[in-house]
Amino acid sequence: MKYPEVAGFDALLPRLGEFDAIIDVRSEAEFALDHIPGAINCPVLNNDERILVGTLYKQTSAFDAKKAGAPIIARNIAHHIDTLFHDKPRDWRPLVYCWRGGNRSGAMALIMARIGWPVAQLEGGYKNYRAWVSAALAEPPAVDFRVVCGPTGSGKSRLLETLDGIGAQVLDLEQLAAHRGSVLGHLPNEPQPSQKMFETMVLAKLRSFDLARPVFVEAESKKVGNLRVPDAVMVRMRAAPCIDLQLARPARVRLLMEDYQHFCADPSVLADQLTHLTLVHGRAKIADWQAMAQGGALPALVDELLVQHYDPAYLRSIDRNFVQYPQAQVVELADIGTSDFLAAARHLHDSPA
1 MKYPEVAGFD ALLPRLGEFD AIIDVRSEAE FALDHIPGAI NCPVLNNDER ILVGTLYKQT
61 SAFDAKKAGA PIIARNIAHH IDTLFHDKPR DWRPLVYCWR GGNRSGAMAL IMARIGWPVA
121 QLEGGYKNYR AWVSAALAEP PAVDFRVVCG PTGSGKSRLL ETLDGIGAQV LDLEQLAAHR
181 GSVLGHLPNE PQPSQKMFET MVLAKLRSFD LARPVFVEAE SKKVGNLRVP DAVMVRMRAA
241 PCIDLQLARP ARVRLLMEDY QHFCADPSVL ADQLTHLTLV HGRAKIADWQ AMAQGGALPA
301 LVDELLVQHY DPAYLRSIDR NFVQYPQAQV VELADIGTSD FLAAARHLHD SPA
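So the sequence shown is numbered by the UniProt record's numbering: it starts at 1 and just counts up by one.
Below, the structure written as structure tokens:
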């Protein structure tokens, strides 16, 4: 075969495992927004250099942009080869891609091919890959979902984590989205990924599952924080069999106090977040809750939030959105200890609903 090989993502997909490296030559910012799973970032134009060349392209001409960019690209490719790939054997097989046009990846692939490596270049670049992701999520793999339902604080996330730990198949959307799903669910110092990266991770998980085995997933709304669950995935979740996880309210309060310790450390953050509920409960009620937060009455505040906000919202939505919930398999947790979740997880793993 003549190298560099140039092919679209559909053609390369069955062979992705054959490549020794997937190299994304786009800038750091482009890579951070989304990339092919497992890819490494080797920019041939970094963030600042890409802005420089792009400005020349728009304001002067394509020729001047390419003339300015060529020596920068050449230096960066030389640096990557010298520092990252100089020890690779002759049969080392990389796949290289950029954004769309192929200029950046083409330069890297051409030099690698001239060295003698059997390099492939993704035709259409990341844009081609992204189109494949969108099409695949429109008709996602037919996984056998088991939807873990339960009001706020019932331990759904802990149960999923425990199930994952004993070898069950788990799609943890909140973990992928870096958000706990409620108005108070933002994780401190952990920004959410981009929508595109979230969809990439969801699809990668779905494609990794054995379709003959169930996949446990939490009952989510259409959005997890700022991120939207792909529509077709949500449709399949809402039609799936359900598990009703039950835990006494005092234990739920203790669980939430453990899971939201950052609010205990700085109650002012919780007080600020409560303003998002003003339209639902009014300024007077929010002021009362904020005073409880600032005054350190957090267990009592959590209990009130469950009774007056979260539990009613849960009851309004669960029957409407998850059609098999009336026939849900009931799983009762005695408490919130590790052994309690392990017993529930083993029961579900050995005899899923």
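Just so you know, even glycine gets a beta-carbon here, dropped at the ideal spot from N, CA and C.
Item	Value
Hey, out of D335, A74 and D303, whose CA is closest to V44's CA?	A74
Assuming contact is defined by CB atoms lying nearer than 9 Å, are A11 and Y97 in contact in what I supplied?	no
Mind reading off the beta-carbon distance from L227 to V148? Whole number of angstroms is fine, and I expect it under 8 Å.	Not a contact, Cβ separation roughly 19 Å.
In this structure, does DSSP put R75 in helix, strand or coil?	helix
State buried or exposed for H347, treating a residue as buried only when at least 16 other CB atoms are found within 10 Å of its CB.	exposed
Assuming L270 and E220 make a contact with CB atoms under 8 Å, what is their CB distance in whole Å?	Going by Cβ atoms, the distance from L270 to E220 rounds to 23 Å, so no, they are not a contact pair.
At the level of alpha carbons, what is the spacing between Q273 and C242?	31 Å
Express the C-alpha separation of A313 and A232 in angstroms, rounding to a whole number.	24 Å
Looking at P214: is its Cβ nearer than 9 Å to the Cβ of Q169?	yes
Indicate the three-state DSSP secondary structure (helix, strand or coil) for D311 in the structure shown.	helix
State the Cα-Cα distance for the pair N76 and R15, rounded to the nearest angstrom.	28 Å
Under the DSSP definition of a beta bridge, which residues are partnered with A21?	P94
Going residue by residue through the stretch 129–178, where are the continuous alpha helix (DSSP H) segments of at least 4 residues, counting only ones entirely within it?	156–165 and 173–177
Per DSSP, what kind of secondary structure is D350 in: helix, strand or coil?	helix
Report the CB separation of L342 from T162 in whole angstroms; it is logged as a contact under 8 Å.	6 Å
Quick one, which of G295, Q59 and A251 has its alpha-carbon nearest A265's?	G295
Run the CB neighbour count on G165, radius 10 Å, all protein chains shown included, and call it buried at 16 or more, exposed below.	exposed
What does a CB cutoff of less than 6 Å around R93 pick up in its chain, not counting 5 residues either side in sequence?	F19, D20 and P118
Looking at L203: is its Cβ nearer than 9 Å to the Cβ of V133?	yes
Is Q290 helix, strand or coil when you go by DSSP?	helix
Counting along the chain, where does the alpha helix (DSSP H) carrying E49 start and finish?	N47 to Q59
Opposite D272 in the DSSP bridges: which residues?	Partner(s): none; D272 has no beta bridge.
Thinking just about the alpha-carbon of each residue, which of Q175, A142 and D144 is nearest to the one in R158?	Q175
Restricting to runs no shorter than 4 residues, where is the alpha helix (DSSP H) found entirely within the stretch 217–252?	231–238
Taking its Cβ as the centre, do 16 or more other Cβ atoms sit within 10 Å of T200, making it buried, or is it exposed?	buried
Counting along the chain, where does the beta strand (DSSP E) carrying E332 start and finish?	Q329 to E332
Whole-angstrom Cβ separation of V253 and P191, contact assumed at under 8 Å?	That belief does not hold up - the Cβ atoms of V253 and P191 are roughly 28 Å apart, past 8 Å.
When you compare the stretch 253–262 with the stretch 301–319, are there three or more beta-carbon pairs, one atom per stretch, that lie closer than 8 Å?	yes
Relative to the C-alpha of F198, which residue among V224, E218 and S208 is closest?	V224
Taking P141 and L206 to be in contact with their CB atoms under 8 Å, please state how far apart those CB atoms are, rounded to whole angstroms.	5 Å
Under the three-state reduction of DSSP, which class applies to E190: helix, strand or coil?	coil
I think S105 touches V25, with their Cβ atoms under 8 Å apart; what is that distance to the nearest whole Å?	5 Å
Can you give me the start and stop residues for the beta strand (DSSP E) that L122 sits inside?	A120 to L122
Quick check: the stretch 75–89 against the stretch 121–139, are at least 3 beta-carbon pairs closer than 8 Å?	no
Exposed or buried, Q121, counting other C-beta atoms within 10 Å across all chains shown (16 or more means buried)?	buried
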